[in-house]
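Undergrad:
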Amino acid sequence: MLMLFITVAAVHFVALMSPGPDFFFISQTAASRSRKEAMFGTLGITLGVAVWAGVALMGLHLILQKMAWLHQVIMIGGGLYLLWMGFQLLRSARNQHRQSAAPAAEPVVLQKRDHSFIKGLLTNLSNPKAVVYFGSVFSLFVGDDVSAGARWGLFLLIVVETFIWFSLVVSLFALPKMRQGYQRLAKWIDGVAGALFAGFGIHLLLSR
Numbered sequence: 004m005l006m007l008f009i010t011v012a013a014v015h016f017v018a019l020m021s022p023g024p025d026f027f028f029i030s031q032t033a034a035s036r037s038r039k040e041a042m043f044g045t046l047g048i049t050l051g052v053a054v055w056a057g058v059a060l061m062g063l064h065l066i067l068q069k070m071a072w073l074h075q076v077i078m079i080g081g082g083l084y085l086l087w088m089g090f091q092l093l094r095s096a097r098n099q100h101r102q103s104a105a106p107a108a109e110p111v112v113l114q115k116r117d118h119s120f121i122k123g124l125l126t127n128l129s130n131p132k133a134v135v136y137f138g139s140v141f142s143l144f145v146g147d148d149v150s151a152g153a154r155w156g157l158f159l160l161i162v163v164e165t166f167i168w169f170s171l172v173v174s175l176f177a178l179p180k181m182r183q184g185y186q187r188l189a190k191w192i193d194g195v196a197g198a199l200f201a202g203f204g205i206h207l208l209l210s211r
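Per our numbering, residue 4 is the first one in the sequence shown, and the count goes up by one each step.
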């Protein structure tokens, strides 16, 4: 049983480290807004992971097999949301470019506070990697022979590991030097992040 926990922890850590919408959202939020807003986003992503992990432990792969339409709904909804996020970031980059190009432009102002918790939650729930990971890879390690107690332990392991990882990401990208670097390159960073989110969304819609 110990080996099961070690294996799941290792696999989940690798999944967390691979760049995706969650990582780009948290790093951009920490650098552009504040540590507090990024931590709200982290809580949202952690809640999203808790939802995926809970459903996976109850048999997500079986649900997706029997309800193919549900998988399509998740993919389409996720793709549209990621496209919307990409559009927002690209629009922000365009506005910052106009401000910097104006003769009497003021310093770039960081974006106003918004609902980072909700954005973090929706970003994770719409993440195509989460659907694939929890619907197939993660489910392979949790067979019918795994007890209820072990399932609860795995659930807590996944949730805590997710929160710790993204808290470290927040701590890194909220450093003064990282924030100063963001302010200098805000329009480029938002532009690249917007293109990535839009790319994730388009890929999700086309691959369904």
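Note that CB positions come from ideal geometry on N, CA and C, so glycine has one too.
Report buried or exposed for residue 157, applying the criterion of at least 16 other Cβ atoms within 10 angstroms of its Cβ.
TA: As a first step, residue 157 must be located in the sequence shown, where it is residue number 154. Residue 157 is buried by the Cβ-count criterion.
Undergrad: Check whether the Cβ atoms of residue 176 and residue 30 sit closer than 9 Å, and answer yes or no.
TA: On the sequence shown, residue 176 is found 173 positions in, with the first residue counted as 1. On the sequence shown, residue 30 is found 27 positions in, with the first residue counted as 1. Taking 9 Å as the Cβ cut-off, residue 176 and residue 30 qualify as a contacting pair.
Undergrad: Sort 49, 149, 202, 182 by Cα distance to residue 61 and report the nearest one.
TA: For the purposes of this step, residue 61 is taken as residue 58 along the sequence shown, with counting starting at 1. The candidate whose alpha carbon is nearest that of residue 61 is 149.
Undergrad: By alpha-carbon positions, which one of 45, 94, 165 ends up nearest to residue 56?
TA: Locating residue 56 in the sequence shown gives position 53, where the first residue counts as 1. Taking only the C-alpha atoms, the option nearest residue 56 is 165.
Undergrad: Anyone know if the C-beta pair for residue 197 and residue 83 falls short of 9 Å?
TA: Walking along the sequence shown from the start, residue 197 turns up at place 194. Walking along the sequence shown from the start, residue 83 turns up at place 80. In this structure, residue 83 does not lie closer than 9 Å to residue 197 by Cβ.
Undergrad: Where do the ends of the alpha helix (DSSP H) carrying residue 36 lie?
TA: If you number the sequence shown from 1, residue 36 lands on position 33. Premise fails: residue 36 is in no alpha helix (DSSP H) and is neither H nor E.
Undergrad: If I follow the unbroken alpha helix (DSSP H) through residue 127, where does it start and stop?
TA: Along the sequence shown, one-based indexing puts residue 127 at 124. Looking at the DSSP string, the run of the alpha helix (DSSP H) that includes residue 127 is 119-128.
Undergrad: If you draw a straight line from the C-alpha of residue 173 to the C-alpha of residue 89, how long is it?
TA: Within the sequence shown, residue 173 is the residue found at index 170, counting from 1. Within the sequence shown, residue 89 is the residue found at index 86, counting from 1. Roughly 21 Å between the two C-alpha positions.
Undergrad: With H, G and I counted as helix, E and B as strand and the rest as coil, what does DSSP make of residue 173?
TA: Counting from one through the sequence shown, the residue named residue 173 turns up at place 170. In the structure shown, residue 173 sits in a helix (DSSP, three-state: H, G or I).
Undergrad: Could you tell me the distance, in whole angstroms, from the CA atom of residue 205 to the CA atom of residue 21?
TA: Here the question's residue 205 lines up with position 202 in the sequence shown. Here the question's residue 21 lines up with position 18 in the sequence shown. Taking the straight line from one Cα to the other gives about 19 Å.
Undergrad: Tell me the rounded alpha-carbon separation between residue 9 and residue 43.
TA: In the sequence shown, residue 9 corresponds to position 6, counting from 1. In the sequence shown, residue 43 corresponds to position 40, counting from 1. When rounded, the distance between both Cα atoms is 28 Å.
Undergrad: Is it the case that the Cβ atoms of residue 25 and residue 152 are separated by a distance below 9 Å?
TA: Locating residue 25 in the sequence shown gives position 22, counting from the first residue. Locating residue 152 in the sequence shown gives position 149, counting from the first residue. Cβ distance not < 9 Å, so residue 25 and residue 152 don't count as in contact.
Undergrad: For residue 136, which residues of its own chain have a beta-carbon under 6 Å away from its beta-carbon, when the five flanking residues on both sides are left out?
TA: Counting from one through the sequence shown, the residue named residue 136 turns up at place 133. Here the set comprises 18.
Undergrad: Does the separation of the CB atoms of residue 134 and residue 53 fall below 9 Å?
TA: By 1-based counting over the sequence shown, the position of residue 134 is 131. By 1-based counting over the sequence shown, the position of residue 53 is 50. Cβ atoms of residue 134 and residue 53: not closer than 9 Å.
Undergrad: If you reduce the DSSP assignment to three classes, tell me which class residue 181 lands in.
TA: Start at 1 with the first residue of the sequence shown, and residue 181 comes out as number 178. Note: residue 181 maps to helix in three-state DSSP.
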